[in-house]
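As C-alpha cells, the structure follows; a few thoughts come after it.
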Amino acid sequence: MNYPVNPPSQPDLDRGTGSMKITGARVIVTCPGRNFVTLKIETDQGVYGIGDGTMNGREKAVVAYLEEHIIPLLIGRDPRRIEDIWQYLYRGAYWRRGPVTMRAIAAVDVALWDIKAKMAGMPLYDLLGGRSRDRVMVYGHANGSDIAHTVDEVGRYISEGYKAIRAQTGIPGLDKAYGISKDKKFYEPAEGELPLETVWDTRKYLNYVPQLFDKLRDTYGFDHHLLHDVHHRLTPLEAAQLGKRLEPYSLFWMEDSTPAENQEAFRLIRQHTTTPLAVGEIFNTLWDCKDLIQNQLIDYIRTTIVSAGGLTHLRRIADFASVWQVRTGSHGATDLSPVTMGTALHFDTWVPNFGIQEYMRHTPETDAVFPHDYRFDDGFLLCGETPGHGVDIDEALAAKYPYSPKQLPVARLEDGTLWNW
Ligand code: CS2
Ligand code: MG
1 MNYPVNPPSQ PDLDRGTGSM KITGARVIVT CPGRNFVTLK IETDQGVYGI
51 GDGTMNGREK AVVAYLEEHI IPLLIGRDPR RIEDIWQYLY RGAYWRRGPV
101 TMRAIAAVDV ALWDIKAKMA GMPLYDLLGG RSRDRVMVYG HANGSDIAHT
151 VDEVGRYISE GYKAIRAQTG IPGLDKAYGI SKDKKFYEPA EGELPLETVW
201 DTRKYLNYVP QLFDKLRDTY GFDHHLLHDV HHRLTPLEAA QLGKRLEPYS
251 LFWMEDSTPA ENQEAFRLIR QHTTTPLAVG EIFNTLWDCK DLIQNQLIDY
301 IRTTIVSAGG LTHLRRIADF ASVWQVRTGS HGATDLSPVT MGTALHFDTW
351 VPNFGIQEYM RHTPETDAVF PHDYRFDDGF LLCGETPGHG VDIDEALAAK
401 YPYSPKQLPV ARLEDGTLWN W
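For the sequence shown, counting from 1, position 389 maps to 389 in the working numbering; every step adds exactly one.
Here is the structure:
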C-alpha cells in the first residue's frame, strides 16, 4: 500500500530533522454511562493524539497525576521521542510502577503513538511492523442468573458468530456473582457511589461452575472456545481443584483463578491441572508477570494498553512472553475506553504471539463520544486503515456527560471476612 507522503488530511509536516513540539495537553473526563479519562496532546504542527487513562473507581487519581505531575513536563518536548518520554516519565517519577502511574504514562504513550502514526500517514499496526493477521479473534461475555440462562446466552453469542465466549453464571444461594450483567449486553460492575457489599462462598461456587461447563459442552459440543473468569476468588489449591474439574470441558482459559501478587502460587495450580491459565488484567509492568512467564506458569498474559504503561511497555511484555510461548489475551472490559480498544486492536493485529482479545461492547452513547473505525465481523474485530489508532473524541459531546463518581464492589465471606471481589 503506497501511503501518501503528506496525506491530504494532514498539514505539511516537518517529519525530517526539523523541530516539533508539544504545545498543549489536557485531560477530558466524560461519563457517557460510565467514566472515562482521556488525554489529548496537541503539537505545533497541528497534529494531535489521544490516549486513555481510565481506572475504574479511581479515575480522579489518574486525572490528578496527569494534570499536576505530568502535563507540565510535556510542554515543549518533541512528541516524536516516544521512548525517551516513556523512560523520562517512568524513571523520572522515582516512585516507579503502580496502577495510577502506569495508566498516566499509558495515556501519554498512546497519544504520542497516535501522533507519530498520523504524521507517517499510517495505521498504527503498520508503524509497529505490519500485519501478522487479517483479523483479531475476540471473546464475548455470556452470562445468566443460572446455568439454563447462561447456556441460552452462550447460544446467542454463537448465533452472532463468536468463536470464543466467556461464560459466567449466578450461583444458587449467592445474591451476587462476578460478571452477571443486568441487561445481558453491557456489563458495568462499578454501580454505586459507595462500594456494593457482596457475599461470596467458594463451596457454593465450586459445586456449581463445573456443572455449567458440562451443560455447555453437552449442548454445543467442542467447536467453540469457552473461557471463564474466576476473578481472584480462590486459594491456589482451590484453583487447582477447579482447573482439574474443568479439564474434561477443554476451556480456552481459566482466568484470575487466584490473586497473583504471589506469582509463585501459580506453580501449585500448574502442578495439578492442564486447564490453560490466564492472568494479568490488574498488572501494570513486566515485573508483575516476569516469574509467571519465564517459569511457564501461565499460558496467556492479560495486561493491556491502558494498565501497562501503553504500547511502548506492552510490546516489551509481549516480546518477553513470546520467548516462553505465552500468548497475549488483553483485557477489554467496558471500563477500558474505545481508545484502548482501538489501540489494542492495532497491537493485536501486529503482535506475533497473539492469543485472543476480550471484547465487551461499549454502549451507543460511549461509541458516539469516541468515534472509531474498528468493527466487529463474525466473531472477529478488524482495526481500520485510518492513520493513527483510528479513535477520536467528540469533545462537545463528551462535555455533556459530567463525571459521576462510582466505586467497584467489595466481597465478603458469609462470616464477614473481607475477600477478593
Ligand atoms: C473482568 C473485568 O473483563 C474481565 O475479565 O475482570 O470485568 C473487571 O472486573 C473490570 O474491568 C473491573 O473494572
Ligand atoms: Mg477478568
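For each residue, glycine too, the CB sits at the ideal point set by N, CA and C.
Model, not experiment: these values are computed from the prediction.
Leaving out five residues before and five after residue i in sequence, what residues of the same chain have Cβ atoms less than 6 Å from its Cβ?
i: Y249; result: F213, R217
i: T219; result: V151
i: P11; result: Annotation note: pLDDT 48 at P11 (below 50); position unreliable, coordinate value reported separately. Excluding sequence neighbours, P11 sits near G46.
i: G170; result: S145, D146, A177, I180
i: D291; result: Q263
i: D394; result: V369
i: F36; result: T30, T54, S337
i: R270; result: L297
According to the Cβ coordinates, are residue i and residue j closer than 9 Å?
i: R245; j: P210; result: yes
i: H362; j: G342; result: no
i: H141; j: Y187; result: yes
i: M254; j: L242; result: yes
i: D299; j: D256; result: no
i: L408; j: W421; result: yes
i: I305; j: V110; result: yes
i: A265; j: T274; result: no
i: P123; j: H313; result: no
i: G161; j: D377; result: yes
i: G282; j: F320; result: The question names Gly, but residue 282 in the sequence shown is Ile. Cβ atoms of I282 and F320: not closer than 9 Å.
i: V351; j: A318; result: yes
i: L382; j: Y359; result: no
i: W287; j: R97; result: yes
i: R315; j: L128; result: yes
Leaving out five residues on either side along the sequence, give the residues of the same chain with a beta carbon under 8 Å from the beta carbon of residue i.
i: D14; result: Because D14 carries a pLDDT of 49, less than 50, the predicted location of this residue cannot be relied on, and the following value inherits that uncertainty. The answer, listed in chain order, is M20, Q45.
i: F252; result: Y139, A164, H225, L226, L227, P276, I356
i: K185; result: R361
i: C31; result: Y401, P402, Y403, S404
i: Y88; result: L73
i: I158; result: I165, Y220, H224
i: E247; result: T273, T274, T275
Only counting the same chain, and skipping five residues up and downstream in sequence, which positions put a Cβ closer than 7 Å to that of residue i?
i: T202; result: R233, L234, E238
i: L397; result: A368, V369
i: P79; result: M20, I22, I41, T43, L112, I115
i: A344; result: T304, I305, S330, G332, Q357
i: H272; result: A240, G243, K244
i: R103; result: G53, M55, V62, V306, S307
i: E153; result: A142, N143, G144, K184
i: M1; result: Because the pLDDT at M1 is just 43, under 50, the model does not fix this residue reliably, and the value given afterwards should be weighed accordingly. Hits under 7 Å: none found.
i: S9; result: For S9, the predicted model reports a pLDDT of 48, less than 50, meaning its position is unreliable; a value from the coordinates is still stated below. None.
Round the Cβ separation of residue i and residue j to the nearest angstrom and send it over; I've been treating them as touching at under 8 Å.
i: I105; j: V391; result: The pair is not a contact, with the Cβ atoms about 19 Å apart (cut-off 8 Å).
i: T101; j: L336; result: The Cβ separation is near 17 Å, so there is no contact.
i: G285; j: G310; result: For clarity, residue 285 is Thr in the given sequence; the question names Gly instead. Actually they are not in contact, since the Cβ atoms of T285 and G310 sit about 11 Å apart, beyond 8 Å.
i: R412; j: W200; result: 7 Å
i: E365; j: G33; result: 5 Å
i: K406; j: E193; result: 7 Å
i: P172; j: K204; result: 7 Å
i: P423; j: V410; result: Within the shown structure, residues of the chain are numbered from 1 to 421, placing residue 423 beyond reach of any answer.
i: R148; j: L39; result: Just to set this straight, residue 148 is Ala in the shown sequence, not Arg. Not quite, the Cβ-Cβ distance comes to about 45 Å (not below 8 Å), so this is no contact.
i: T340; j: Y125; result: The pair is not a contact, with the Cβ atoms about 15 Å apart (cut-off 8 Å).
Worksheet entry | Cβ contact check for the segment 64 to 72 and the segment 23 to 32: 3 or more pairs under 8 Å | With contact defined as three or more Cβ pairs closer than 8 Å, the segment 64 to 72 and the segment 23 to 32 are in contact.
Worksheet item: Touching or not, the segment 44 to 54 and the segment 80 to 88, by the rule of three or more beta carbon pairs under 8 Å?
Response: Segment contact: the segment 44 to 54 against the segment 80 to 88, fewer than three CB-CB distances shorter than 8 Å; contact not assigned.
Practice prompt. Quick one: residues with CB closer than 5 Å to any heavy atom of ligand 1, in chain order, please.
Written response: These are the residues, in chain order, with a beta carbon less than 5 Å from any non-hydrogen atom of ligand 1: N56, D229, A333, D335.
Worksheet item: For the 8 Å Cβ check, are there 3 or more pairs between the segment 116 to 134 and the segment 324 to 332?
Response: Contact between the segment 116 to 134 and the segment 324 to 332 is absent, because fewer than three Cβ pairs lie under 8 Å.
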